[in-house]
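Student: Have a look at the structure that comes next, please.
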Amino acid sequence: MLYFSKLRVFSVLIFTLIISYFTISNFTKVDDEFFSKNIKLGLDLQGGSYLLLEIDNEPVITQRLQSKVLEFKKFFKDKNIKVRNFVIEDKSIIFDVENSKIEEVKSLLDDDKSEINPYFQQYKSHQFNIENMDTSFKLEFSDYGLVLLKNSSLDQAIEIVRRRVDEVGTNEPNILKRGNDRILVELPGLDDPGRIKSLLGKTANLTFQFISSSSEESFGTEKLSFEDGTSEAIVSKRIVLSGDNLMDAKPTMNNQTNETVVSFSLDRVGAKKFGKATSNGVGKRLAIVLDGKIISAPEVREPIIGGNGQISGNFTFQSATDLALLLRSGALPAPLNIIEERTVGPDLGKDSINAGIMSLIIGFILVVAFMFYKYRFFGLIANLALISNLFLLVGILTLFEATLTLPGIAGIILTVGMAVDANVLIFERIKEELKNENNSIVAFDSGYTKSRTTILDANITTLIAAVILFFMGSGPIKGFSITLGVGILTTLFSVYFIARLITAYYVIKNKHKEKLI
Amino acid sequence: MKTIYFNKFYKSFNILSGILIIASLVFLVFKGLNFGVDFKGGTLIELRTDKSSANITKIRDSFNQMNLGDVSVKNFGNETDFVVKFEKQNSNDPQFIEEIKTKLSNSIGTVDFRRVENVGPKVSAELLRSGVIAIALSLAAMLLYIWIRFEWQFSLGAILALFHDVIITLGVFSVFSLEINLSIVAAVLTIVGYSMNDTVVIFDRVRENLRKYADIKIFELTNISINETLSRTIITSVTTLLALLSIFIFGGEILKGFSLAMILGVIFGTYSSIYIANPVLVSLKVSQRTIVKEEKE
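Quick mapping for you: the protein sequence lines, in order, are chains Y and F. Sequential numbering from 135 applies to the first sequence in the working numbering. Sequential numbering from -15 applies to the second sequence in the working numbering.
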């Protein structure tokens, strides 16, 4: 165990130096991108907000079922099958078929090549599960159909969330999917998430609907309240125009009234629709509805043909800016709920870094002093291994741009405390071997060999804990598991390559000396 | 070095451990753990006040007027910092935190919210579940590992030692109503790793000695092994404790609970390797035959 080839010495040295370089690169500035890597600080250290959003898929399911009902009606009509009594109840579609067609409908829905109830070979599942009782059919989303629906609404939502966050212009936001109905938003450096939260909390479904004078409207009417909550109005259910046709929106000043408004421009289809509707509706009030609340309901004085318009509604400049932003980024497919929020102010982050570094330095000094006191020269070797261990650990974390969190720093300090264990096991073993062995080289050699399984056992147990934490933990805790786990690997390297190398040189040089260790 | 007769005290310390475990379980069952917002849901605000203006009573009073459910206020580190926890969480209302801040500023002067954590009931239930699963999984993984590496008598000893450490550490947290949050779960997992590590080192030696000495009884043999590895046990636990103490004292308030749990875990882990794991080998009458039989297979 004490023999090292020149090549091995060389590679150990080069490897250590390269990795250690990345530790130092945290404190220097180099122009090259690869060589100027920095360790990434977690939100708990640099300050920022962590938001976990959950999509409320209920409305999406209802919507999808409604459009599916229309599809079914058309499909069966084409096939000359009479179906009746379509209802959507309890997240399923229920309908009746005439007696003679039950079997046909069954096979149409159950076929692997069904057009109306697609079959997914790889999941061995249809989009809908079918229940048949006499003439009545009940269709319910299958598990996979539901997953598919959730995934598509998640994909849409994440895109909208990204647009909204980008528009606000925070630096390096991190937006990730979590499962099939959650979105994780990390906003480094953001001190007050209030604005982002209010932007993400809005579905931003914009519609233009006429205020109805009578309740006898062919499309039906609904009662909506104004945004400020002071009054209500009866609105036709017919949607003149929706936010989908919006091309751009920005806050502007209305020169005549001197108030802040949101001006918008429509795409071609939208402009046409809007022009036609406003031509027919001169003199009526057109309600501008956002997420079921009326922002304002101005009277149409003249047809609006150019595709440009304004939304007024007692805006401040800020609220007009936000509304414009929401309209530009588009509507969410479903409402988002914020189910977890963690915000750390930049002050606290800085304090945490300082406290972390302070305890690292003090812990390090204490351990190093103790090892020197216990082992003298060999304590120095162990300490040198410990230092290179630290450099390797931080270097690897930097190289892979791992995220350093406060518990992560604790993991580094803990590594300092536990890393000496391997060298201690070896040194203690060597001491025992030296009692019965005069040849110090042999004693050192067998000291290393005999302690090896124990050291592996001991480190594997900690590694198991670290790996489980990595997969089960979140955020800061994950940071801890990373430093702990990587720390074990660098510990083994520093003990078996660096410390052993130095020990070998020393022992071979001083093999005749009494009481080596 | 002089031999210390640890084995003389196997019985008395086993009784002590038994009492501690039962006491811990009684506390865990009847008093329970003080779960933080991570596991219980709710809101946590760490705030810093203007030097002159605030004290705990004042802060508590103004929070109590806001209808936030059960409110707890604690000093956090220095005298201007406080941690406030309450049941209500309403992260969907973007103004929720802002309103609290305004109301608070009106009654006690300038405050700075240094940290806000808002955890919904669904998420906290999931975090709790995954925390329990993580601990259970790590215990199972250790069991599996040691089962592969050693004979079943050893595995039993090591696992009993593990349970001993985890239960008593949690027991201490229950007795003193210390907060259980995500970082405590991390600490418990690390304790599991450390305790196992410590036990394995002694067991490796016991097994080696079993091969060497056919005629020494296990009662003696464990003591020899403990003594032979004693200086390693002491040095490693001292360096680990030095590192942990440094976190506990200098690492800031946030890491206090984590480092305390680890400190307790290292102390119990070291103790249990000697006084739980080894007595199990003795009472299972492990002998040279135990390991030779296994190796023949």
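Don't be surprised by glycine CBs; every beta carbon is placed ideally from N, CA and C. It should be emphasised that the depicted structure is a prediction, and the values quoted were computed from it without experimental measurement.
Taking Cβ to Cβ, would you say F/G235 is nearer than 8 Å to Y/G490?
Tutor: Taking 8 Å as the Cβ cut-off, F/G235 and Y/G490 qualify as a contacting pair.
Student: Please confirm if F/A198 has its CB atom under 8 Å from at least one CB of chain Y.
Tutor: With 8 Å as the cut-off, F/A198 does not count as an interface residue toward chain Y.
Student: Against chain Y, with Cβ distances strictly below 8 Å, would F/I231 count as a contact?
Tutor: With 8 Å as the cut-off, F/I231 counts as an interface residue toward chain Y.
Student: Just to make sure I have the definition right: I need the residues of chain F whose C-beta is within less than 8 Å of the C-beta of Y/P541. Which are they?
Tutor: Here the neighbours are S167, A170, L239, F242.
Student: Just the C-alpha distance for Y/G441 and Y/D382, rounded to the nearest angstrom, thanks.
Tutor: Answer to the nearest angstrom: the Cα atoms are 11 Å apart.
Student: Do you know how far the Cα of Y/N251 is from the Cα of Y/Q444?
Tutor: Distance between the alpha carbons of Y/Q444 and Y/N251 is about 44 Å.
Student: DSSP on Y/M381, reduced to helix/strand/coil?
Tutor: Of the three classes helix, strand and coil, the one that applies to Y/M381 here is strand, per DSSP.
Student: Since Y/F627 is in the beta strand (DSSP E), which residue starts that stretch and which ends it?
Tutor: Element bounds for Y/F627: not the beta strand (DSSP E) but the alpha helix (DSSP H), 609 to 627.
Student: Near F/G171, what residues of its chain come up, given a Cβ to Cβ distance below 6 Å and the 5 sequence neighbours on each side ignored?
Tutor: For clarity, residue 171 of chain F is Ala in the given sequence; the question names Gly instead. Excluding positions up to five away in sequence, the list reads F242, A245, M246.
Student: Expressed to the nearest angstrom, what Euclidean distance is found between the alpha-carbon atoms of Y/K406 and Y/S259?
Tutor: The alpha-carbon atoms of Y/K406 and Y/S259 are separated by roughly 43 Å.
Student: What runs of the beta strand (DSSP E), each 3 residues or longer, lie entirely inside the segment 16 to 80 of chain F?
Tutor: The qualifying runs are 26 to 33, 55 to 60, 62 to 70.
Student: Between the beta-carbon of F/F141 and the beta-carbon of Y/T595, is there less than 8 Å?
Tutor: Sequence check: residue 141 of chain F is Gly here, not Phe. In this structure, Y/T595 does not lie closer than 8 Å to F/G141 by Cβ.
Student: If the cut is a Cβ gap below 7 Å, which residues of chain Y does F/M126 touch?
Tutor: Simply T595, I598.
Student: If you follow the beta strand (DSSP E) that F/R133 is in, where does it begin and where does it stop?
Tutor: Where F/R133 is concerned, there is no enclosing beta strand (DSSP E), although the alpha helix (DSSP H) it sits in stretches over 105 to 133.
Student: Which residue marks the beginning of the alpha helix (DSSP H) containing Y/E566, and which one marks its end?
Tutor: Y/E566 -> alpha helix (DSSP H) spans 540 to 570.
Student: Look at F/F203 and F/N(-9) and say whether their C-beta atoms are less than 8 Å apart.
Tutor: A contact, by the Cβ cut-off of 8 Å.
Student: Which complete alpha helix (DSSP H) runs does the segment 464 to 546 of chain Y hold, if anything under 4 residues is left out?
Tutor: Runs found: 480 to 509, 511 to 533.
Student: Is it the case that the Cβ atoms of Y/E361 and Y/S446 are separated by a distance below 8 Å?
Tutor: No, Cβ-Cβ distance for Y/E361 and Y/S446 is not below 8 Å.
Student: Mind pulling the alpha helix (DSSP H) runs of 4 or more residues that sit fully within the segment 170 to 249 of chain Y?
Tutor: With a minimum length of 4 residues, the continuous alpha helix (DSSP H) runs that stay inside the segment 170 to 249 of chain Y are 177 to 180, 192 to 212, 236 to 244.
Student: Look at the Cβ atom of Y/Q503, then the Cβ atom of Y/Y509, and state whether they are nearer than 8 Å.
Tutor: Per the sequence shown, the amino acid found at residue 503 of chain Y is Ala instead of Gln. No, the pair does not count as a contact, with Cβ atoms beyond the cut-off.
Student: From Y/Q390 to Y/L380, what does the alpha carbon distance come to, in whole angstroms?
Tutor: Taking the straight line joining both Cα atoms gives about 24 Å.
Student: Is F/G20 close to chain Y, meaning its C-beta is less than 8 Å from at least one C-beta of that chain?
Tutor: Taking Cβ atoms only, chain Y never reaches closer than 8 Å to F/G20, which makes this a no.
Student: What's the call for Y/N388, buried or exposed, on a 16-neighbour Cβ count within 10 Å?
Tutor: Flag for Y/N388 reads exposed.
Student: Considering only the alpha carbon of each residue, which of Y/L375, Y/L526, Y/G542 lies closest to Y/I422?
Tutor: It is Y/L375 whose Cα lies nearest to the Cα of Y/I422.
Student: Express the C-alpha separation of Y/I429 and Y/K216 in angstroms, rounding to a whole number.
Tutor: Cα-Cα distance, rounded: 44 Å.
Student: Return the Cβ separation of Y/L310 and Y/S183 in integer angstroms, given the expectation that the two are a contact with Cβ distance under 8 Å.
Tutor: Contact flag wrong, Cβ pair sits at about 14 Å.
Student: With which residues is Y/E393 paired in a DSSP beta bridge?
Tutor: Answer is Y/N388, bridged to Y/E393.
Student: Does the beta-carbon distance from F/K87 to F/V95 come in below 8 Å?
Tutor: It is not a contact, given that the beta carbons lie outside the stated cut-off.
Student: How about Y/D456: is its C-beta nearer than 8 Å to some C-beta of chain F?
Tutor: Chain F contact via Cβ: absent.
Student: For chain F, check one thing: does any of its Cβ atoms lie closer than 8 Å to the Cβ of Y/E562?
Tutor: Cβ-Cβ to chain F under 8 Å: yes for Y/E562.
Student: Under 8 Å: do the segment 525 to 540 of chain Y and the segment 148 to 164 of chain Y share three or more Cβ pairs, one atom per stretch?
Tutor: The segment 525 to 540 of chain Y, when compared against the segment 148 to 164 of chain Y, does touch it at the 8 Å Cβ threshold.
Student: Please list, in chain order, all residues of the same chain as F/L112 whose beta carbon is under 7 Å from its beta carbon, the five residues on each side excluded.
Tutor: F23.
Student: For a test of the three-state rule: what should DSSP assign to F/Y(-11), helix, strand or coil?
Tutor: Coil, per DSSP.
Student: Measuring CB atoms only, is the segment 232 to 248 of chain Y touching the segment 203 to 221 of chain Y, in the sense that at least three cross pairs come out at less than 8 Å?
Tutor: Result yes; three or more Cβ-Cβ pairs closer than 8 Å.
Student: For F/R99, which of helix, strand or coil comes out of DSSP?
Tutor: Looking at F/R99 - three-state DSSP - the assignment turns out to be strand.
Student: Do you know how far the Cα of F/Q73 is from the Cα of Y/L283?
Tutor: Answer to the nearest angstrom: the Cα atoms are 30 Å apart.
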